[in-house]
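According to mature numbering (1 follows the signal peptide of the UniProt record, and there is no 0), the residues represented by the sequence shown are -18 to -1, 1 to 914, in order.
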Amino acid sequence: MRKLYFSLFLFFMVCMQAAGQVVTTQPAFPSTDKEITLIFDVSQAKDSRAKALLGKTDDVYLWSGAGTTENGDAFQFQPTGQTDFSKPFPAGKMTHLGNNKWQIKFVPRQYFNVPADKEIKRLGVLLKSGDGKAQTEDLFVTIYPDKLNVSFETPVAQYFYVDANASIPVKAVASDKANLNLRSGATILKSEQDKETLVYTLNAGSETGVQKTIIVEAKTASEAANDTFYFTVKPQPAVAALPANIKDGINYTSATEVILSLYAPQKSFVYAIGEFNNWTASPQYLMNRTPDGNRYWLSLTVPAGQEVAYQYLVDGSLAVADPYTEKILDPNNDKFLTAANYPNLKPYPAGAKGIVSVLQTNQTAYNWKVTDFKRPDPKNMVVYELLLRDFVATRNYKTLTDTLTYLKRLGVNAIELMPITEFSGNDSWGYNPIFYFAPDKAYGTANDLKTFIDTCHEHGMAVILDMVLNQADYEFPYVKMYWDGDKPAANNPYFNQNATHPFNVFFDFNHESPDTKAFVDRVSRYWLEEYKFDGYRYDLSKGFTQKNTGADVTAWSAYDAGRVQTWKRIYDTIRSYDPTAYVILEHFADNKEEKELADYGMLFWGNSNHDYRNAAKGNTANFEWLSYKQRAWQNPNVVGYMESHDEERQLFDVLKNGRSGAGYDTKNLTTALNRAKLAAAFFFTVPGPKMIWQFGELGYDVSIDHIDRVAAKPIRWEYQKDPERQKLYKVYAELIKLKLTQPVFQTTDYSLAVNSTVKRITLNKDEVMVFLIGNFDVQVQAPQANFPRVGKWYDYFTGQEVSVTNPAEIIMLQPGEFRLYTSVKLPTPEAGLLPWQNVVLAADEEIAGNAIVVYPNPSAGKVQVELTDDYRGEVTIQVTDLSGRMLRTSKHIKSQQLFKQTLDLQSIKAGTYLLQFRAGTKQTTRKLMKVN
């Protein structure tokens, strides 16, 4: 019976010969109020997830729903208790029949709790394992009125194409004995009297391109029913060369004429269908075929300046939108768009099915304000990565444009947009692309996007597009056009049947295919020229390989000569028309491969999230891999980041998992924000491009896994009202300003010592030096400073001048404290951005270890301090706790060789303290233990 629709993927039932059915019913014409039996044959399922159901004898369940409209929601009503797909559903437990077959019995109205005043039109069903990890595809079963019914059992498809003079087996079945007539138009082909079945072999004839209608009628004395199928003899398209200068997709040749071209090798014929022919396969819209058989093209006359919706009907069996369309209409998702984001959207056309493409002649070109934008030097980029959905509440380009002053104040000079080409649905990270030349309407119009980019350029900011060319989702026409069950067909010109590497999602491009190469080049050029993007971050660039490594991540990451050549080809092609566009790869491959490509000119994402998060929490961490020199690269082509869209948020992790010390807790919000300043200082000062993830500058503290990893996250603009978060923002801004305005921060002469809890960075350029030291521990540290030279230094954030005569002098650093010193005085930032002010710097020279004696230590009360040396003059003695709080301080005069002083510690509670002893230009620090 033609009561089963095999898959959501197919909206034209067009194959004359169908594979075995996954589900059948008893009786053949099930009704709402009578018991039915559903029988499933899992071996016939097309979804790859169903393979895990094969061979099972238990733990298989029905997941189902009922709909009361023929083409509406088939899960409108669901059985009581069916709520969690990941758990067994007892009422839907299937009975095993053997040989991968299962059955279940129920009365539809009772099982699905359908009100008495409604009639069920169809069921949505699938089989699943108890845990939901294995399942069939979605299947649909027609429910018939409880009266006389008739249906074609064969052919299964209602619409299909056949070869000339083909024989079409026909079998019609009625629900009761009736007089059956099979006819074509007014011609009766066969009749049966008082029968339930009619069988006939139909000759298709030789008339091509004309749809024929075949009807079966069943009549009794009191009732009548009928069913219909339609077939067409395959047309023979005219062979004609593609006109000069015509590219694949839409070609506007005049105000009223366009030429459409579809690359469709191995296909037999293509119709253009649309509003111009009421979505029918009309003979005059049969497209010409090029002599090589690879392309189909047609000249169309259309109304000037009006939007016209259209599709391609390929081999009479699949209607797809134009792969190169710059706008689509989506019947399932456009209804959720708001007029504020996309005003005056063309209504979805009546008569169409599925996603349609849109063309329009005489479009008004966008008037660019900035035509000579100078892109920031790649080595000085500070990129702000954002997901429009989670950055502004309106989720549109207009509001995003209004936020540019905020980003300008921060100091970033590049914005990286997560994918904005049309993706499946309206709520997504965007890594499920379906149309590569159309901006997703969820965020606004094409001109809204151009205005955003234009305004960014006015502010001196480049705009980078996150481009997804490793994979595409099913609705991408070149996936659908060459399809085999649950994956791309073996003859797909663009896609691998199975992904060649781990971590793949959706369907994997074959980047060694000439067709894929041409498509990638067309996409890459389009956004640079049409929208004036400044470059790309290519998602999952390591996936551009034909070396099959299965699930072995190590093998996938190893040097791959084929992948290297693929990227050099893409890079060279871009450079041939745009010599400065950014080419940034999300690669994470073996350093040998990344070095070769980096030295060739490409930039690479440098993920330091784990290391900076660990350091911020107070753990030992080493982020020297952030440095291109550590990788032995020729150029600073590491786009380093502490956070990205794909990593846990630093502040969330610190607040949840950070360490604590005596009187110091990283889980305190203010403390965590100060540690974020510490991390930022050791991030932005490393030469080379850097990237920030949205709201990191305000200390975003919502987990990446909030609700779900890719689910929408809370938008936290209220952070700006928090004074402590504002201080973090301003520290970011100050560090970015230094990075972009002071040449020393762009030097090639620098060193990192970042493998312990006390970390240091030294920069040197044209006799200007920078020295950064910071304490990532949760305890006070008193290390040797190791200044790179003696002389005057200036604490950038406090403005304090420090005179250094001994580079190895001791510096007291509170937990989370850092000091950024410059050898030249720079303008001092706003006071109070950091919680510490004047540096606690030890004497220029350490007192000899045997010259000073402290005893008894440990002590229960009084401590004797003795110094024996030639020094005469003022002596200062201080006792502090480990957080740096001053407990005792006294000054004395040493007038002879031996100096003695007694300290009374009886009022101090038991614990560990620091005794700091200064004698002129010499000093020492000793640990002091107080006991009860």
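Where is the CB? At the ideal position from N, CA and C, for every residue including glycine. Source: prediction; values computed, not measured.
Three or more beta-carbon pairs separated by less than 8 Å are not found between the stretch 727 to 747 and the stretch 625 to 643, which leaves the two stretches without contact.
Taking the Cα positions, E367 is about 6 Å away from I397. Beta-bridge partners assigned by DSSP to E783: Y776. Within the stretch 592 to 648, the runs of beta strand (DSSP E) that reach at least 3 residues and sit entirely inside it are, in chain order, 620 to 623. Around the Cβ of V364, a 10 Å sphere holds 16 or more other Cβ atoms; the residue is buried. Under the DSSP assignment, A661 falls in the alpha helix (DSSP H) whose first and last residues are 651 to 666. Residues of the same chain with a CB within less than 6 Å of the CB of W45, apart from the 5 flanking positions on each side, are L108, K110 in chain order.
Taking each of D158, A154, K159 in turn and checking the Cα distance to R165, the smallest one comes out for A154. Taking 8 Å as the cut-off, the Cβ atoms of Y294 and P313 do not count as close. Taking R377 as the centre and dropping the five residues before and after it, the same chain places the C-beta of N323, L370, R371, A424, Y425 closer than 8 Å to its C-beta, in chain order. In this structure, I18 lies away from T6, with their beta-carbon atoms at least 8 Å apart. Straight through space, the alpha carbons of N617 and P561 are spaced by roughly 17 Å. The C-beta distance from F753 to T744 rounds to 6 Å, short enough to meet the 8 Å contact threshold. By the neighbour-count definition (other C-beta atoms within 10 Å, threshold 16), K115 is an exposed residue.
Below 8 Å, enough C-beta pairs join the stretch 432 to 451 and the stretch 388 to 397 to call them touching: three or more. Under DSSP, the beta-bridge partners assigned to S872 are I859. Just so you know, the alpha carbons of G256 and S264 end up roughly 10 Å apart. DSSP places D145 outside both helix and strand once states are collapsed to three, so it counts as coil. In the three-state DSSP reduction, I556 falls in the helix class (H, G or I). Taking all protein chains shown into account, R595 has 16 or more neighbouring C-beta atoms within 10 Å of its C-beta and is therefore buried. Shown here for D521: same chain residues with a beta carbon closer than 8 Å to its own, the five before and five after excluded, namely P401, Y413, D448, M449, V450, L451, N452, E568 in chain order. Closest in alpha carbon position to D430, among Y348, F122, P358, F485, is Y348.
Residue state for A168 is assigned as coil, using DSSP reduced to three classes. Just so you know, the alpha carbons of E749 and S805 end up roughly 9 Å apart.
Counting every other CB atom within 10 Å of its CB across the protein chains shown gives Q763 a total of 16 or more, marking it as buried. For W45, no alpha helix (DSSP H) segment is defined; the enclosing uninterrupted segment is the beta strand (DSSP E) at 42 to 49.
Secondary structure note for E289: its beta strand (DSSP E) is the uninterrupted segment 289 to 296. Straight-line measurement puts the Cα of I197 at about 12 Å from the Cα of S173.
From the listed residues Y460, R691, R908, L36, the smallest Cα separation to M794 is found for R908. E494 carries a coil assignment under DSSP once its states are collapsed to helix, strand and coil. A715 and A658 have their C-alpha atoms roughly 13 Å apart. In this structure, Y212 and Q140 form a Cβ contact; the two beta carbons are roughly 7 Å apart against a cut-off of 8 Å.
Ranked by how close their Cα comes to the Cα of D851, the residues V845, V836, S872, K876 have K876 in first place.
Taking a contact to require three or more Cβ pairs closer than 8 Å, the stretch 481 to 498 and the stretch 452 to 461 qualify as touching. Comparing alpha carbon positions, the residue from A901, V836, D886 closest to T858 is A901.
Per DSSP, the unbroken beta strand (DSSP E) holding I743 starts and ends at 740 to 747.
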